[in-house]
Every structure is written in structure tokens, then in C-alpha cells.
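Report on the following structure.
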Amino acid sequence: MGQVKPAEAFREAALAALIALLLAIPLVGFRLVDGLRGLSIETRFDWVAWGVSAVFFGRLAIALSGTRRRLLPDLKSVGAALSNLPGGLSRFAGGAMLVGALLLPLVPFADRYVVEIAITVLIYVMLGWGLNIVVGLAGLLDLGYVAFYAVGAYSYALLSINFGWSFWLCLPVAGLLAAAFGVMLGFPVLRLRGDYLAIVTLGFGEMIRIILLNWKDFSGGPNGISSIPRPDFFGFPFARTAEDGQTTFHQLFGLEFSPMHRIVFLYYLILILAMLTNLFTLRMRRLPLGRAWEALREDEIACRALGINPTMIKLSAFALGAMFGGFAGAFFATRQGFISPESFSFIESAVILAIVVLGGMGSQIGVVIAAAFLILVPEFLRDFSQYRMVLFGMAMVLIMLWRPQGLVAHRSPSARLGGRA
Amino acid sequence: MEYLVQQLINGLTLGAIYGLIAIGYTMVYGIIGMINFAHGEVYMIGAFISIIAFTILGPFGFASPIVAIIIVLAVALIFTSVYGWAIERIAYRPLRGSFRLAPLISAIGVSIFLQNYVHMLQGAKMKPIQPVVRGGFVLAQEGTFVVQITYLQIGIIVATVALMAGFTYLIQRTSLGRAQRACEQDRKMAALLGVDVDRTISLTFVMGAALAAVAGLIFTLYYGAVDFFIGFLAGLKAFTAAVLGGIGSLPGAMLGGLLIGLIEAFWSAYFPIAYKDVAVFGILVVVLIFRPTGLLGRPDIEKV
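Line order of the protein sequences matches chains A and B.
This note's numbering puts the first residue of the first sequence at 1, with every later residue one more than the last.
This note's numbering puts the first residue of the second sequence at 422, with every later residue one more than the last.
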């Protein structure tokens with residue numbers, strides 16, 4: 001690319017500014033104000049002027065310096081380097097992350113706040129890995145994953161409150177129930193082509209939420225369920241004083257009581273659950289079923305020709321993905337102690353899907369990076385709470401534009417002819 | 422019986438709104454095979470621009486509401502179309518040709534952005550306006566129950582039918598429509614034969630946004646209140662309508678919209694209203710089990 005002519009740059013900048021002006025006038029320029037006598041209008045043309053001039057000069061600067069062409073390849077090569085890591089190095093990175101995660105609660109700066117955020121990130125990592133089975137490996141677009149998360153959370157909450165079941169008993173039950181819901185939904189709809197499946201799963205997610213919101217006797221409606229039992233350390237509760245006949249956790253180990261014990265315990269619990277999901281996925285990819293998922297993602301017709309039953313294979317991916325969502329849901333319920341349908345809205349599904357896609361479909365490490373990014377960015381922006389979600393949406397678009405194939409692109413099948421497995 | 426007729430009228434009106442939004446989904450899907458998640462927000466922006474325009478016009482006090490509506494319509498069409506164009510240009514065009522889910526995630530990002538952008542700029546509270554069009558015809562009366570079709574409902578149904586007719590003409594008879602159908606079938610071939618693909622796709626988004634603006638204006642007039650969250654559910658249902666009718670098919674989108682409007686109206690009348698959305702999605706699932714490509718969709722042949 002040669003030097004950009006100033007006149008041309010000026011014209012481009014003027015055009016961008018005109019578009020910005022048209023976009024800004026109606027919604028930025030005028031503000032509806034509620035008054036006693038209906039609505040009235042307030043104008044904010046100074047904002048429009050600032051915005052439009054920012055766009056004009058920004059576009060002019062980009063066009064004149066020609067950086068757009070130079071900057072992007074640089075950034076791209078960073079990402080490419082990430083995805084081209086040799087197998088050993090990427091395994092090393094994964095191992096380093098795991099060690100870091102194991103040691104996190106022990107480092108001095110890890111106060112309650114840090115560990116709580118780490119727990120949230122790990123929940124999303126686990127959800128991302130669970131959804132990765134469905135979207136990344138089997139190639140099925142699921143926009144209602146949060147429904148299974150909700151099923152898991154409500155299963156634990158209701159079973160433990162109504163029947164007094166312990167967390168350890170509820171956890172597998174919650175997973176099984178979520179998997180059963182996955183089969184129930186999947187059975188009729190998995191014949192559908194990709195995008196039809198997407199809308200049905202989206203509708204299913206909304207259905208679950210609406211039912212939870214309205215079936216008050218069952219789920220408490222919009223008020224949700226509160227005082228859900230906290231988990232105990234295999235029968236030893238995390239409490240300052242034990243109820244009669246019980247030993248508390250700190251008594252068992254002869255420690256000083258600290259509320260941090262429970263948080264650290266929760267942290268390791270979700271770390272173990274997430275790592276189980278990860279190990280499961282990695283093992284599945286080497287089994288015939290996992291290979292069939294990937295084969296189905298690449299070419300359904302070829303699979304049918306080879307005698308693979310697509311419905312059963314898809315159903316298994318759906319059910320297993322749902323099961324991990326259910327586990328994560330049960331953990332979420334016990335961690336929060338309170339759940340309501342609000343926690344299971346479509347935006348959650350969208351965030352989880354974004355984690356999978358931004359991470360690079362099918363990449364396990366990519367999911368970790370993307371989950372950390374998408375959870376930490378809103379957390380750091382907490383001070384700008386008003387602009388938080390605006391910036392979040394913008395970041396999603398920008399990352400997609402920067403790396404459409406995901407942060408760590410990893411679409412290569414686990415097995416290939418004449419190559420390494 | 423009277424009650425049923427009333428619900429039929431209400432359902433048709435609601436269905437017209439869904440149908441108009443659904444066309445935007447179905448056109449975009451037809452031409453680039455992408456679920457434009459941000460379309461519901463475009464509709465919400467159309468509704469906001471309408472209500473802002475009405476509030477600005479308010480003090481001038483137009484003699485006839487029709488003049489006011491036409492001015493607001495023009496304003497909403499122009500500005501909403503710019504939004505539709507800009508979204509495609511900024512967030513989708515650079516991703517054309519990359520893998521299938523990339524534009525979808527980008528669209529979800531745009532949707533989150535637009536929702537919170539309007540929230541931030543206009544506040545979270547519901548914005549009510551005075552009814553612009555009042556009155557209607559009484560069709561039948563039984564005891565105290567009056568079956569009524571308001572002037573507004575007549576206007577909505579007439580406008581929707583007119584738009585549909587205009588649209589069918591546009592797609593079937595004009596060169597733009599021909600270019601669109603060509604891009605739908607084979608974009609590369611169309612480009613080789615001299616169709617400006619970028620321009621055609623941009624115009625598709627502009628048209629979709631324009632129809633969403635009309636739907637937004639209708640919503641403002643009919644319900645009289647707007648907030649930043651209306652786009653999500655309406656978009657979801659309109660997309661359901663597009664799928665129900667067979668995505669990619671324009672008459673299908675309209676049919677799906679009408680069906681969903683009617684289901685909602687009748688369900689609300691005879692069953693617990695809180696579950697009306699469950700009924701809508703339930704019917705979608707049932708229809709898709711028996712007709713996997715929707716009511717009017719062409720079964721597509723898979724090729725190796």
C-alpha cells in the first residue's frame with residue numbers, strides 16, 4: 001500500500017463522521033425526560049458534537065497514518081503464535097495454569113475478594129468446557145445451555161431443602177437430571193439442521209426460565225429459593241460452633257475458625273469439578289464416541305455413510321454437555337445460597353457461548369483464557385458500572401473482528417490419516 | 422363467540438408486528454445464512470426514535486394525527502435504516518467468509534451493546550406517551566361486552582398488507598430483488614455476473630431495518646410505552662416466527678408472525694397468561710418435529 005492521499009483520507013473521515021452524526025442525533029442528541037405531565041425532551045447536542053468530531057479525527061488519523069494495515073497483522077501474528085504452540089508447549093502452559101490455580105488461595109494477596117472472583121471464573125470455565133462438548137466437538141449450536149445450569153441449580157436447592165439431601169448426594173442427581181432434560185429436549189429436535197436447533201434450544205432456555213418464574217409453589221417464582229444449605233467438608237460443617245454431636249471443620253483440624261475456610265474449600269471444589277470436565281473431554285476425544293462427535297461436526301453425510309447413527313451421537317453429546325452444566329448449577333446454588341430465575345437468563349447462555357467461540361471452538365485452554373477475560377473485564381469495569389455492559393458488548397464485537405477463529409484456534413480433528421493422533 | 426372475534430382482531434394486530442420484524446430476520450438469513458441477533462434491538466431503536474419524534478412534534482400540535490404519524494414514520498425509517506446499515510458495515514461485513522459462528526457472536530455483542538447503549542442514554546424507565554389515534558368501530562355487542570376494532574388496528578393491518586404487497590413486488594419484479602435472489606442462491610456467481618454483492622447485502626439490512634422501524638412505530642402507537650428491553654423478547658418471537666414459517670421465505674415469515682400473534686392472543690384469553698411464551702415455543706417445537714424446515718420452507722437437499 002502506498003501513501004494515502006490526504007484528500008482521500010479527508011473524504012473517508014467526513015463520511016464516517018456523517019454516519020456517526022446520523023447515528024447519534026436521534027438517541028444521543030435527544031433525551032426523553034419523564035415529567036409530571038408526560039414526557040418532555042432535553043437536548044444534548046454537545047455530546048453529539050464531541051462524538052462526531054472524535055469519529056472524524058480518529059478516522060482521519062487512521063487513514064493518514066495507514067496504521068490499520070500495519071497494526072492488525074502484528075496483532076494477528078500474536079494470536080497465530082498462540083494457536084501454533086507445539087503440543088508440548090501448550091501442555092506446559094496448561095500445566096502451569098493448573099499449578100497456578102492450585103496455589104492461588106495460598107499466595108499472600110489472595111484475599112476473600114480475589115478467591116471469590118476466581119470461583120466465578122472457574123464456574124464459567126466449567127460451563128465453557130461443558131458447552132464445548134456440544135458446540136466445539138459435536139458442532140451443535142446450543143443457545144439455551146443455561147437451562148441445564150438452571151436445572152442443576154434448582155435440583156440441588158429443592159432436594160436439599162425439601163429432603164435434606166447432602167451436597168454430595170445431590171451433585172450426581174443434579175447432573176443426571178440435567179442430562180435427562182438434555183435427552184428430553186434433544187430427542188425430538190436433533191434431527192433439525194444447525195440453525196433450527198439453535199432457535200429451539202433458545203426457546204427451551206426461555207421456557208425453563210418462564211416456568212421457574214411462574215410456578216411459584218415449586219420454585220418460589222421471582223423470589224427464588226433462599227437459605228440453600230452450604231456444603232460441608234464431607235460431613236464436617238464450616239461453622240463457628242457445631243450443633244450438638246457435630247464436629248466443625250476447624251475443630252477437626254485444630255485450626256482457628258475463619259470464614260475463609262469455606263471459600264477456599266469452594267474454590268478447590270469447583271477447581272476439581274472443572275478439571276474433571278476437562279479430563280473427561282480430553283479422554284472422550286480419544287474414544288470412538290468422541291471421534292464420532294468430531295467426525296459428525298466435519299461431515300454428517302460421510303458419517304452416515306460409515307454407519308454412524310447421527311441422532312444417537314448428537315444426543316450423547318447433548319446429554320453429557322447438559323450433565324456438566326447440571327454439576328456447575330448445583331455448585332452455583334450451594335455457593336450462592338440463593339438462586340432465582342434472574343441468574344438464568346439468555347444473556348448467560350450468550351456469555352457461555354461467547355466463551356466457547358472466543359476461546360476457539362474445541363480448544364480447552366482457549367476456554368480458560370476467554371472465560372477469564374469475559375468475567376474479569378466487567379469486574380474491572382465495576383467502577384464504570386453504567387458503561388460496563390456497553391463496553392462488554394463492544395469488546396465482544398472487537399475480539400470477533402480481530403480474531404474470528406477464536407483466541408486459540410483449534411479446529412483440527414483429534415485424529416487424522418497418516419498423522420499423529 | 423364475540424370474545425373469540427375480539428381475540429382474533431388482537432392476535433392479527435400482534436401478528437402483524439411480529440411478521441414485520443420476522444421479514445428482517447428471514448431476508449438476512451436467506452442472503453448470508455446468519456441469524457442477525459441484533460435485529461430485535463434495531464426494532465427497539467425504531468420504537469425509541471418514534472417516541473422521541475412524537476415527543477418533539479407534540480408541542481406543534483398537528484391538526485390530524487395522520488400527518489404526525491407520516492412525519493414520524495419518515496424520521497424513524499431514515500434513522501433506523503442508518504443503524505441497520507452501520508451494524509452490517511461495522512460488525513458483520515469484516516466477518517463474511519469466516520466460520521459460521523463468528524458473525525453470530527458478533528451479533529450477540531451488537532445486541533448487548535445496543536440494549537445498554539439505549540439504557541445508558543435514555544434511562545431504564547418505561548416511557549409512556551398519550552394515545553395518538555383514538556376511537557374505533559363497534560362490530561358487535563353482547564351484554565356489556567363490546568367487540569371493537571380500533572382505527573389503529575385497521576391502520577396496522579392495512580399498512581402491513583400494503584407493505585407485504587410492496588415487498589413481494591420489490592423481490593419479484595425489480596432489479597434489486599433479482600440481485601438479492603441471485604446472491605441468495607450463489608454469491609460468487611452473482612458477483613461474477615456483475616451483481617454488486619456488498620451493496621445488495623447492505624440494502625438487505627437497510628430494508629430489514631426499515632421494516633423493523635415500521636414495527637417499532639406500530640408498537641409505540643399500539644402499546645403507548647417503550648423501554649430499552651422490548652427488543653429482546655420481540656426479536657426472539659419474531660425469529661421464532663421466521664423459523665416457524667420456514668426461514669428464508671418471505672410469505673413464511675408473515676405467516677409465522679400471524680400464527681404466533683394469534684397463538685399468543687388466544688392463549689392469553691383462555692389459559693394462564695404467564696405461560697403464553699411457553700406455548701409459543703412449544704408450538705414451534707411441535708411444528709419443527711413434523712416439518713423440520715418450517716411451514717413454507719423448502720426442504721434443502723444436502724450435497725456432499
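C-beta: ideal position from N, C-alpha, C; glycine also.
Would you mind telling me which residues of chain C sit closer than 7 Å to E116 of chain A, beta carbon to beta carbon, in chain order? Chain labels in this structure do not include chain C; the protein chains are A and B.
Along the segment 354-375 of chain A, where does the CB come closer than 9 Å to a CB of chain B? Name the residues. A354, V356, V357, L358 and M361
Straight-line CA distance for E605 of chain B to M422 of chain B? Translated into the one-based positions of the second sequence, residue 605 of chain B becomes position 184. Translated into the one-based positions of the second sequence, residue 422 of chain B becomes position 1. Computed Cα separation, rounded: 45 Å.
What are the start and end residues of the alpha helix (DSSP H) that includes D217 of chain A? Your numbering for residue 217 of chain A matches position 217 in the first sequence. Taken as a continuous stretch (DSSP letters only), the alpha helix (DSSP H) holding D217 of chain A covers K216 to S219.
Taking its Cβ as the centre, do 16 or more other Cβ atoms sit within 10 Å of Q246 of chain A, making it buried, or is it exposed? Within the first sequence, numbered from 1, the residue matching residue 246 of chain A stands at position 246. When all chains shown are included, Q246 of chain A counts as exposed.
For Q336 of chain A, decide whether its Cβ has a neighbour in chain B, counting only Cβ atoms nearer than 9 Å. The residue you call residue 336 of chain A lines up with position 336 of the first sequence. No, its Cβ sits nowhere closer than 9 Å to a Cβ of chain B.
Closer than 8 Å is the cut-off here; do at least three beta carbon pairs connect the segment 433-450 of chain B with the segment 662-678 of chain B? yes
Beta-carbon separation of S670 of chain B and R719 of chain B under 9 Å? For the purposes of this step, residue 670 of chain B is taken as the residue at position 249 of the second sequence. For the purposes of this step, residue 719 of chain B is taken as the residue at position 298 of the second sequence. It is a contact, given that the beta carbons lie within the stated cut-off.
Just checking my contact of T714 of chain B with A630 of chain B at CB under 8 Å: how many whole Å lie between their CB atoms? If you number the second sequence from 1, residue 714 of chain B lands on position 293. If you number the second sequence from 1, residue 630 of chain B lands on position 209. No, T714 of chain B and A630 of chain B are not in contact; Cβ-Cβ is about 26 Å, not under 8 Å.
Round the Cβ separation of L542 of chain B and V183 of chain A to the nearest angstrom and send it over; I've been treating them as touching at under 8 Å. For the purposes of this step, residue 542 of chain B is identified with residue 121 of the second sequence, where counting begins at 1. For the purposes of this step, residue 183 of chain A is identified with residue 183 of the first sequence, where counting begins at 1. Actually they are not in contact, since the Cβ atoms of L542 of chain B and V183 of chain A sit about 45 Å apart, beyond 8 Å.
So, do the segment 423-431 of chain B and the segment 632-642 of chain B have three or more beta carbon pairs nearer to each other than 8 Å? no
At the level of alpha carbons, what is the spacing between Q551 of chain B and P693 of chain B? Numbered from its first residue, the second sequence carries residue 551 of chain B at position 130. Numbered from its first residue, the second sequence carries residue 693 of chain B at position 272. The alpha-carbon atoms of Q551 of chain B and P693 of chain B are separated by roughly 29 Å.
Does D34 of chain A come out as helix, strand or coil in the three-state DSSP assignment? Within the first sequence, numbered from 1, the residue matching residue 34 of chain A stands at position 34. The answer is strand: DSSP assigns D34 of chain A an E or B state.
For F233 of chain A, I'd like the list of residues in its chain whose CB is within less than 7 Å of its CB, leaving aside the five on either flank, ordered along the chain. As a working mapping, residue 233 of chain A is identified with position 233 in the first sequence. Excluding sequence neighbours, F233 of chain A sits near F249 and F265.
If we define contact as Cβ-Cβ less than 9 Å, is P486 of chain B a contact residue for chain A? Locating residue 486 of chain B in the second sequence gives position 65, where the first residue counts as 1. Taking Cβ atoms only, chain A never reaches closer than 9 Å to P486 of chain B, which makes this a no.
Decide if V200 of chain A is buried, meaning its Cβ has at least 16 other Cβ atoms within 10 Å, or exposed. Indexing the first sequence from 1 puts residue 200 of chain A at position 200. Buried, because 16 or more other Cβ atoms sit within 10 Å of the Cβ of V200 of chain A.
In three-state DSSP terms, what is R420 of chain A? Sequence index remark: in the first sequence, residue 420 of chain A carries index 420 (1-based). Reliability fails at R420 of chain A, whose pLDDT of 45 lies under 50, so the model's placement of it is uncertain and no value is given.
Considering just the uninterrupted stretch of the beta strand (DSSP E) at Q246 of chain A, what are its terminal residues? Position 246 of the first sequence, counted from the start, is the residue given in the question as residue 246 of chain A. Looking at the DSSP string, Q246 of chain A is not in any beta strand (DSSP E), and its letter there is neither H nor E.
Taking buried to mean at least 16 other C-beta atoms within 10 Å of its own C-beta, is S258 of chain A buried or exposed? To locate residue 258 of chain A, count along the first sequence from 1; it is residue 258. Flag for S258 of chain A reads exposed.
Close beta carbons around R112 of chain A, own chain, < 8 Å, minus the five adjacent residues each side: Walking along the first sequence from the start, residue 112 of chain A turns up at place 112. Contacts found: P259, M260 and I263.
Beta strand (DSSP E) segment containing V559 of chain B, residue limits: Here the question's residue 559 of chain B lines up with position 138 in the second sequence. G557 to E563 is the span of the beta strand (DSSP E), which, as asked, contains V559 of chain B.
Identified DSSP bridge partners for T43 of chain A: Residue numbering aside, residue 43 of chain A sits at position 43 when the first sequence is read from its first letter. In DSSP, T43 of chain A forms a bridge with A:F30.
Who are K548 of chain B's beta bridge partners in DSSP? On the second sequence, residue 548 of chain B is found 127 positions in, with the first residue counted as 1. Answer is B:V647.
Helix or strand or just coil, what does DSSP make of T571 of chain B? Residue numbering aside, residue 571 of chain B sits at position 150 when the second sequence is read from its first letter. T571 of chain B: strand per DSSP, three-state reduction.
Span of the alpha helix (DSSP H) holding M465 of chain B? Indexing the second sequence from 1 puts residue 465 of chain B at position 44. Its alpha helix (DSSP H) spans residues H460 to L478.
Let me make sure I understand the geometry here. Which of B:G518, B:N537 and B:M455 has the alpha-carbon closest to that of D648 of chain B? Position 227 of the second sequence, counted from the first residue, corresponds to residue 648 of chain B. That would be B:N537, whose Cα lies nearest to the Cα of D648 of chain B.
In whole angstroms, what is the alpha-carbon distance linking G22 of chain A and L398 of chain A? Position 22 of the first sequence, counting from 1, holds the residue named residue 22 of chain A. Position 398 of the first sequence, counting from 1, holds the residue named residue 398 of chain A. What sits at residue 22 of chain A in the sequence shown is Leu, not Gly. If you take the alpha carbons of L22 of chain A and L398 of chain A, they lie about 22 Å apart.
Using CA coordinates, which residue listed in A:L358, A:V367 and A:E379 is at the minimum distance from P404 of chain A? As a working mapping, residue 404 of chain A is identified with position 404 in the first sequence. Checking every option, the nearest Cα to that of P404 of chain A belongs to A:L358.
So, with DSSP's three-state summary, where would you put F384 of chain A? Translated into positions along the first sequence, residue 384 of chain A becomes position 384. It is helical.
Checking contacts by CB at 9 Å: is H460 of chain B closer than that to chain A? Numbered from its first residue, the second sequence carries residue 460 of chain B at position 39. No, H460 of chain B lies away from the interface with chain A (no Cβ there is under 9 Å from its Cβ).
Within 9 Å (strictly less), CB to CB, does I41 of chain A reach chain B? Position 41 of the first sequence holds residue 41 of chain A. For I41 of chain A, the answer is yes, since a Cβ of chain B falls inside 9 Å of its Cβ.
Three-state class that DSSP yields for I228 of chain A in the structure shown: Taking the first residue of the first sequence as 1, we reach residue 228 of chain A at position 228. Reduced to three states, the DSSP call for I228 of chain A is coil.
Take Y450 of chain B and list the residues in its own chain whose beta-carbon comes closer than 8 Å to its own, dropping the five residues that flank it on each side. Indexing the second sequence from 1 puts residue 450 of chain B at position 29. Hits under 8 Å: I456, N457, A663, I668 and G669.
Among A:S166, A:I133 and A:E12, which residue has its Cα nearest to the Cα of S363 of chain A? In the first sequence, counting from the first residue as 1, residue 363 of chain A sits at position 363. Checking every option, the nearest Cα to that of S363 of chain A belongs to A:I133.
Chain B contact residues for R191 of chain A, given Cβ-Cβ distances below 7 Å: As a working note, residue 191 of chain A is residue 191 in the first sequence. The contacting residues are P713.
What are the uninterrupted segments assigned as alpha helix (DSSP H) that are 4 or more residues long and contained completely in the segment 647-701 of chain B, given in chain order? 651-666 and 671-691
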